[in-house]
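Numbering follows my numbering, in which position 47 of the sequence shown is assigned residue number 47; successive positions increment by one, without gaps. Step one of this worksheet: look at the structure below.
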Amino acid sequence: MNKVLAFTVIAIATAVLPLSALAYEKAPTVDNPARAPMGLKLPAQKASPSNNWLQDADSDADRFKKLEIYLRGFDQPMLEVGERYQRLYDAIKDKNWELADYQWDKTKWAINTGLMKRPKRTQNAEGIFLDGIWKQMDQAIKAKDYKQMKKEFMVAREACMACHVAENVAFMNNRPLFRDLRF
Ligand code: HEC
């Protein structure tokens, strides 16, 4: 009897859950007047702000301005780098070389897209990290050299933190990501 009950509950849950997920796909909005946030310096526009936030701008130039605001600066790529750094650590521990290679390539890509947006950071990023240390780890991964990867992880860790010091954000280093992830 209990088995039947459990089966019925699972059957109902699987039938109902996708429906409810669908219902919330578009979050409901209360019927307040739409207005631009005061926290952003958005270009002035004739149309009142709407969900078509790019289309309701006056010109393509203003659309590009909105995109630049939306795509942020160096913080968002760094958030991704932090995440991928952790995934790299896990991949090395798991001896999953393909995943380590993937994470390390994407780390470089994320930093470079950040540099496209914040070119004053290029000199330190390339000098401290991309030109030498990124490549050393890449070679260790390509060689599937576990011992060397563990060594390079600690070298890369130092370089991450050195760039934070060089870019005047040393406070970024006092966090579990750098404190706890060690070989
Ligand atoms: C250009 C040198 C540079 C290098 C190399 C660098 N960072 Fe950063 N990182 C920064 C700067 C600058 C910030 C602050 C972002 C901002 O002010 O927009 C930052 C911020 C961060 C943050 C905080 C992001 C947030 O918004 O919470 C993390 C996490 C981070 N870095 C991790 C790393 C890791 C891990 C590495 C090495 C794999 C690394 N960084 C390499 C310059 C660098």
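Don't be surprised by glycine CBs; every beta carbon is placed ideally from N, CA and C.
Through-space distance from G39 to Q55, alpha-carbon basis | The alpha-carbon atoms of Q55 and G39 are separated by roughly 21 Å.
Taking the alpha-carbon positions, what's the R157 to K117 distance?
-> Taking the straight line from one Cα to the other gives about 24 Å.
Mind checking whether the beta-carbon of F74 lies closer than 8 Å to any heavy atom of the ligand HEC?
-> Short note on F74: C-beta closer than 8 Å to some heavy atom of the ligand HEC.
Does the Cβ-Cβ distance between I133 and W97 come in under 9 Å?
-> Between I133 and W97, the C-beta gap is not smaller than 9 Å, which leaves the two residues out of contact.
Per-residue DSSP class, three states only, for R161 | As written in the sequence, residue 161 is Met, which differs from the Arg given in the question. If DSSP states are grouped into helix, strand and coil, M161 belongs with the helices.
Which term fits L67, buried or exposed, when burial requires 16 or more other beta carbons within 10 angstroms of its beta carbon?
-> Under this definition L67 is an exposed residue.
Can you list, in chain order, the residues of its chain whose CB lies under 7 Å from that of D138, leaving out five sequence neighbours each side?
-> Around D138: W104.
Beta-carbon proximity list for K46, same chain, < 8 Å, skipping 5 on both sides | The residues are D58.
Any 3 or more C-beta pairs closer than 8 Å across the segment 111-127 and the segment 68-84 = By the Cβ test, the segment 111-127 is in contact with the segment 68-84, since at least three Cβ pairs between them sit closer than 8 Å.
May I ask which residues mark the beginning and end of the alpha helix (DSSP H) holding R63?
-> Boundaries of the alpha helix (DSSP H) around R63: 60-70.
Check each candidate in Y70, A125, K93 and name the one with the smallest Cα separation from K41.
-> When each option's Cα is compared against that of K41, the closest is Y70.
Jot down the residue ranges of each uninterrupted beta strand (DSSP E) in the segment 92-166, minimum 3 residues, whole runs only, in chain order.
-> As far as the segment 92-166 is concerned, it has no whole beta strand (DSSP E) run of at least 3 residues.
If L177 and Y102 are in contact, beta carbons under 8 Å, what's the gap, nearest whole angstrom?
-> For L177 against Y102, the beta-carbon gap comes to about 19 Å, at or over 8 Å, which does not count as contact.
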